[in-house]
Amino acid sequence: MNRVEKLLILIPAFNEEGAVGSVVREVREVIPDVPILVLDDCSEDGTRHAAQQAGADVLPMPYHLGLGGCVQAGYKLAFELGYEYVIRVDGDGQHDPRYIPKILETLEREKCEMVIGSRFMNGGGEHSGFLRGVGIVFFRAMLRPILGKTVHDPTSGFVGVNRTALALFSKSFPLEYPEIEALVVLQRKRFRFVEVPCKMRPRRTGRTTITALRSLYYPIHVLLGVFVNILKFEGRRK
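In this text, residue positions in the sequence shown follow our numbering: the first is 118, and each later residue adds one.
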């Protein structure tokens, strides 16, 4: 496999008809021959058709799995097909595909299990809202003693993983709000992650599923998940 054939781009999408096609085309402009797989989480609009028209393969979910279940299905397929690297790009257009080569290069150079595209490194980036901004600061402080270092953008979904992480995540992956719990899972296995600075954009169409109510539920759910993962790790150590 050449460098491009080792890489799979995963694009999870739910009702992203208005954006997913342009995301696929932008990825193609950056890396023309890279395989692209759109994970259609039972969208109720034309997401699947738009992705196929843009030239992506589409894996339709059998029912609505949520982000974590959708991404895990993609990781599992990528591992079974023998890919060395997978980079996840959201289907709403917020992630700039021009940073994909930088994430891939860092995975290869650092030999780490995960690379995170961070909008807050080097003092840059903007929060997308007050509640989300508070949540990011909170999770950053919470994860510091667990991970042993600061993660600047703990909720970023612009991530790349290598085959070692694929083997792990294809078997076990947080189902609902996966980004933060995935970092704790990596720490349990003594795997490494690296952040690289990148810029993110406003979503192109549609609206976020993180409502004010979900913003309150989100930290509680994640804290429980982190707590369970820590208990599992401590239990295995004993």
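Every residue gets a Cβ at the ideal spot worked out from N, C-alpha and C, and that includes glycine.
Short Cβ contact (7 Å threshold) for residue i with residue j
i, j, result
"G199", "Y216", "no"
"P214", "E143", "yes"
"L260", "P271", "yes"
"S273", "F196", "no"
"N279", "L194", "no"
"A173", "V141", "yes"
"F256", "I204", "no"
"P314", "N239", "yes"
Residue burial classification, residue i (beta-carbon count within 10 angstroms, cutoff 16)
i, result
"G185", "buried"
"L330", "For L330, the predicted model reports a pLDDT of 46, less than 50, meaning its position is unreliable; a value from the coordinates is still stated below. L330 is exposed by the Cβ-count criterion."
"T267", "exposed"
"E122", "exposed"
"G168", "A quick correction: the sequence has Ala, not Gly, at residue 168. So A168 ends up on the buried side."
"A130", "buried"
"E146", "exposed"
"G252", "buried"
"V188", "buried"
"P319", "exposed"
"G277", "buried"
"P291", "buried"
"A299", "buried"
"V302", "buried"
"T328", "Only weak support exists for where T328 lies, its pLDDT of 47 falling under 50; the value from the coordinates is given anyway. Exposed: under 16 other Cβ atoms inside 10 Å."
Presumed contact (8 Å Cβ cut-off) between residue i and residue j, rounded CB distance
i, j, result
"A171", "G138", "4 Å"
"L221", "Y192", "Their Cβ separation, rounded to whole angstroms, is 16 Å, which puts L221 and Y192 out of contact at 8 Å."
"F237", "H269", "4 Å"
"L154", "L127", "6 Å"
"L125", "P152", "5 Å"
Stretch-stretch touch, CB-based, cutoff 8 Å, three pairs: the stretch 149-165 with the stretch 222-231: no
Identify every run of the alpha helix (DSSP H) within the stretch 256-310, keeping only runs that are complete inside it and at least 4 residues long; order them along the chain. 280-286 and 295-305
What are the uninterrupted segments assigned as beta strand (DSSP E) that are 3 or more residues long and contained completely in the stretch 145-228, given in chain order? 153-157, 174-177 and 202-205
The stretch 283-294 in contact with the stretch 204-223 per 3-pair CB rule at 8 Å: no
Kindly confirm or deny that the stretch 174-182 and the stretch 148-158 touch, where touching means at least three C-beta pairs closer than 8 Å. yes
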